[in-house]
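Single-structure report; data block below.
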Amino acid sequence: MQKLQGIAVSPGVAIGEALVMDSEGFRIPRRFVSRDAVVDELERLDKAIAASAAEIAHHRERVAAELGEKYGAIFEAHLQILQDAPFRNELDEMIRQRHYSPEYAVSHTLRRYAQVFQRAETSYLAERATDIFDIEKRLLRHLLGRRREGIAHLTSPVLVLAHNLTPSETSSLDRNFVRGFVTEIGGPGSHTAIVAEALEIPAVVGTGPFLTEVSGGDLVIIDGDKGLVILQPDEETLALYRHEAEAIRSLAAKLEPLRDLPAETRDGVRIQVLGNIEFPYEVDHCFDRGADGVGLYRTEFLYLGSEVEPTEEVHFQAYSQVLRVMAGKPVVIRTFDLGADKLPNVPRPDNENNPCLGLRSIRLALRNLPLFRTQLRAALRASALGPIEIMFPLISTLLELRQAKMVLADVMEDLQEHRVAFNRDLPVGMMVETPAAVLMIDRFVEAVDFLSLGTNDLIQYTLAVDRSNRDVVGLYNPADPAVLRLIAMAIQAADRKSVPINMCGQMSGNPLYTMLLLGMGLRHFSVTPSAIPEIKHVCRSVTLAECQAIAERVMLMENARDVKSYLKEETKKHKLGGMQ
Ligand code: PEP
Ligand code: MG
Numbered sequence: 005m006q007k008l009q010g011i012a013v014s015p016g017v018a019i020g021e022a023l024v025m026d027s028e029g030f031r032i033p034r035r036f037v038s039r040d041a042v043v044d045e046l047e048r049l050d051k052a053i054a055a056s057a058a059e060i061a062h063h064r065e066r067v068a069a070e071l072g073e074k075y076g077a078i079f080e081a082h083l084q085i086l087q088d089a090p091f092r093n094e095l096d097e098m099i100r101q102r103h104y105s106p107e108y109a110v111s112h113t114l115r116r117y118a119q120v121f122q123r124a125e126t127s128y129l130a131e132r133a134t135d136i137f138d139i140e141k142r143l144l145r146h147l148l149g150r151r152r153e154g155i156a157h158l159t160s161p162v163l164v165l166a167h168n169l170t171p172s173e174t175s176s177l178d179r180n181f182v183r184g185f186v187t188e189i190g191g192p193g194s195h196t197a198i199v200a201e202a203l204e205i206p207a208v209v210g211t212g213p214f215l216t217e218v219s220g221g222d223l224v225i226i227d228g229d230k231g232l233v234i235l236q237p238d239e240e241t242l243a244l245y246r247h248e249a250e251a252i253r254s255l256a257a258k259l260e261p262l263r264d265l266p267a268e269t270r271d272g273v274r275i276q277v278l279g280n281i282e283f284p285y286e287v288d289h290c291f292d293r294g295a296d297g298v299g300l301y302r303t304e305f306l307y308l309g310s311e312v313e314p315t316e317e318v319h320f321q322a323y324s325q326v327l328r329v330m331a332g333k334p335v336v337i338r339t340f341d342l343g344a345d346k347l348p349n350v351p352r353p354d355n356e357n358n359p360c361l362g363l364r365s366i367r368l369a370l371r372n373l374p375l376f377r378t379q380l381r382a383a384l385r386a387s388a389l390g391p392i393e394i395m396f397p398l399i400s401t402l403l404e405l406r407q408a409k410m411v412l413a414d415v416m417e418d419l420q421e422h423r424v425a426f427n428r429d430l431p432v433g434m435m436v437e438t439p440a441a442v443l444m445i446d447r448f449v450e451a452v453d454f455l456s457l458g459t460n461d462l463i464q465y466t467l468a469v470d471r472s473n474r475d476v477v478g479l480y481n482p483a484d485p486a487v488l489r490l491i492a493m494a495i496q497a498a499d500r501k502s503v504p505i506n507m508c509g510q511m512s513g514n515p516l517y518t519m520l521l522l523g524m525g526l527r528h529f530s531v532t533p534s535a536i537p538e539i540k541h542v543c544r545s546v547t548l549a550e551c552q553a554i555a556e557r558v559m560l561m562e563n564a565r566d567v568k569s570y571l572k573e574e575t576k577k578h579k580l581g582g583m584q
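And the structure:
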């Protein structure tokens with residue numbers, strides 16, 4: 005049994021067989037072969053080495069002919085490694101004596117070599133690790149041949165273990181069979197983590213390297229609450245987690261009756277609890293939990309799940325489906341927030357050193373007007389069917405907001421000219437997710453119908469910590485007083501102008517912060533659908549006076565650690581759960 009500590013990003017417990025993915029998104033097969041198969045496996049390795057060597061020799065000759073002998077010689081080093089006797093002996097020993105599969109032996113050995121280069125002091129030597137990875141990939145390609153499979157076509161339940169999963173890869177996971185996932189890299193606010201919540205499967209990210217320790221088919225436990233991954237658990241641990249999984253199921257069942265009850269505090273203040281969705285099917289999750297509407301529809305996932313750009317009709321059908329299920333409740337369409345880690349086939353700069361500070365979100369929309377207009381047309385057409393609201397992401401200047409609103413007005417005019425029905429008075433809002441937006445909030449409240457606090461980005465941009473980087477996870481903290489002050493400023497400014505303000509970042513779905521946020525004056529929460537019952541439960545268990553007293557104390561504190569431990573104490577005192 006081996007335990008790995010990562011970052012908990014989607015709650016729950018999953019127990020099952022591992023499906024291990026290599027860095028190119030292909031499955032790594034089982035680690036061991038049977039004793040009888042050893043001779044055949046060695047022969048398979050021979051053939052793969054010979055085919056790889058022939059391929060490299062061919063490249064060497066072609067490049068030498070076109071560019072000269074000197075350049076062809078670059079491939080000579082690859083050939084020498086492949087034909088190196090100690091390398092070959094090591095592989096033979098692993099297969100013959102320890103019954104490892106050739107794929108595993110190749111990966112394990114070459115990665116060990118690569119690490120030696122990576123640890124080297126000069127960058128020239130460190131970069132040579134890429135050559136070793138190149139040889140590994142080539143050999144694996146020949147070993148696996150057509151058996152090299154991606155993650156599509158699953159036929160039985162699995163837990164996916166990967167180096168990384170992009171938001172697009174995560175969103176194409178087969179919901180019928182993927183019961184949880186773990187990635188070696190990634191941070192608490194990454195969109196991969198958000199998609200795991202959408203799929204309602206336990207997930208842990210940022211464990212650090214472990215994939216060479218595990219083999220396809222091994223038994224694995226994912227504890228999405230504690231951020232733990234347990235490889236090949238012993239019987240006692242297995243029994244403990246089976247019991248835990250049962251307890252989670254019964255807690256969910258206990259909260260089920262909340263579905264038809266309003267989120268109303270004990271002193272009678274009605275709180276709105278809406279759902280965040282990434283995919284149209286999630287609207288059923290919102291409905292099943294009794295959401296007051298959809299407070300954030302991350303429409304960029306329409307682009308990420310497909311090879312081609314979604315047409316106006318694709319947008320329109322998706323929005324109509326969500327409206328239909330929400331049956332008269334509001335649906336906030338956030339215009340596409342692409343860029344940074346969400347990369348579709350939209351024209352983008354080749355080389356962005358800081359993609360989170362680059363051409364993402366509303367900036368990308370304003371540079372790609374036909375794309376932006378297509379989406380706005382669809383959203384406006386859907387507004388004739390039900391209460392659609394439009395929200396612009398990552399607004400950081402008033403000019404940007406004005407430009408976005410001008411494009412919207414222009415699309416409205418166009419629709420009107422063509423006598424296409426839409427709601428001219430639909431509410432138009434913006435996300436508050438940059439410190440700049442908060443600092444200018446008194447101006448922004450004059451220009452919008454509603455605001456929504458995107459704390460995932462607000463934390464990242466305020467504290468200058470990458471939300472998807474495991475190495476700075478300790479600094480990515482919703483409880484940081486700087487973040488809390490910005491939230492308080494935004495709520496107060498919205499309140500003064502009676503502009504509704506919502507919070508749709510992950511913080512709003514964490515019950516640890518619910519009392520604090522209520523006390524700060526927040527009345528609208530938009531949360532991942534699975535968190536709706538618990539947030540409702542907190543709202544129904546407290547009075548505003550209690551919450552205000554908590555907020556007053558917290559706002560005097562100087563650091564996140566004190567804030568968190570005080571909030572943990574308070575949630576315990578009120579017998580309410582807390583995720584962190
Ligand atoms: C946020 O930043 O808090 C937010 C809700 O948007 P996203 O997570 O999609 O960036
Ligand atoms: Mg955001």
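Here the sequence shown is numbered in this note's numbering, starting from 5 and rising by one per residue.
Don't be surprised by glycine CBs; every beta carbon is placed ideally from N, CA and C.
Asked, Found
"Proximity test, Asn-460 beta-carbon vs ligand 2 heavy atom, cut-off 6 Å", "yes"
"Glu-217 Cβ short of 6 Å to ligand 4 heavy atom set", "This structure lacks ligand 4; its bound ligands are ligand 1 and ligand 2."
"Alpha-carbon spacing of Gly-220 relative to Ser-38, whole angstroms", "15 Å"
"Cβ-Cβ separation, Ile-463 to Tyr-480 (assumed contact under 8 Å), whole Å", "6 Å"
"Expected contact under 8 Å - CB spacing of Val-336 and Glu-393 to nearest Å", "5 Å"
"Cβ-based burial, Val-186 [other Cβ within 10 Å; buried from 16]", "buried"
"Neighbour-count burial assignment, Asn-563, 16 or more Cβ in a 10 Å radius", "exposed"
"Those residues which DSSP pairs with Asn-506 across a bridge", "Ser-456 and His-528"
"Beta-carbon spacing of His-167, Glu-188 below 7 Å", "yes"
"Counted within 10 angstroms of its Cβ, other Cβ atoms place Gly-433 as buried (16 or more) or exposed", "buried"
"Candidates Pro-284, Val-233 and Ala-58, of which the one nearest Gly-212 by Cα", "Val-233"
"Glu-282 CB to nearest heavy atom of ligand 1 below 6 Å", "no"
"Entirely enclosed beta strand (DSSP E) segments - the region 54 to 102, minimum 3 residues", "none"
"Spatial neighbours of Leu-147 in its chain, beta-carbon cut-off 8 Å, leaving aside the 5 residues before and after", "Arg-48, Leu-49, Ala-52, Pro-106, Glu-107 and Val-110"
"For Ala-207: DSSP bridge partner residues", "Ser-14 and Phe-185"
"Residues bridged to Leu-223 [DSSP beta-bridge criterion]", "Glu-21"
"8 Å contact criterion, which Ser-472 and Gly-190 should meet: CB distance rounded", "6 Å"
"Beta-ladder partner(s) of Lys-7, from DSSP", "Ile-234"
"Within 7 Å, strictly: CB atoms of Ile-11 and Val-209", "yes"
"The beta strand (DSSP E) enclosing Arg-338, as first and last residue numbers", "335 to 338"
"Ile-205 and Gly-231 closer than 7 Å at C-beta", "no"
"The region 504 to 523 contacting the region 535 to 555, beta-carbon criterion three pairs below 8 Å", "yes"
"Residue closest to Leu-398, alpha-carbon to alpha-carbon, out of Leu-327, Ile-366 and His-82", "Ile-366"
"Close-in-space but distant-in-sequence residues of the same chain around Ile-539 (CB under 8 Å, 5 per side omitted)", "Ala-267, Val-277, Ser-512, Gly-513, Pro-515, Thr-518, Phe-529 and Val-531"
"As assigned by DSSP and simplified to three states, the class of Met-583", "Legend: pLDDT at Met-583 = 40, less than 50; position of this residue unreliable, value from coordinates given subsequently. Coil."
"Test item: CB-CB of Thr-459 and Gly-509 under 7 Å", "yes"
"Contact test: Glu-437 Cβ vs ligand 2 heavy atom, cutoff 6 Å", "yes"
"Arg-302: CB within 6 Å of a non-hydrogen atom of ligand 1", "yes"
"Bridge partner(s) assigned by DSSP for Phe-596", "Summary: the structure shown does not reach residue 596, with the chain confined to residues 5 through 584, and so no result is reported for it."
"Boundaries (first-last residue) of the alpha helix (DSSP H) holding Glu-248", "239 to 259"
"Per DSSP, the bridge partner or partners of Leu-300", "Asn-280"
"Check: Cys-508 C-beta below 6 Å from any heavy atom of ligand 1", "yes"
"Burial state of Val-120, where buried means 16 or more other Cβ atoms lie within 10 Å", "exposed"
"Residue of Thr-196, Thr-438 and Glu-304 minimising C-alpha distance to Leu-380", "Glu-304"
"Distance CB(Leu-308)-CB(Ser-175) smaller than 7 Å", "yes"
"Leu-163 and Ala-18 closer than 7 Å at C-beta", "yes"
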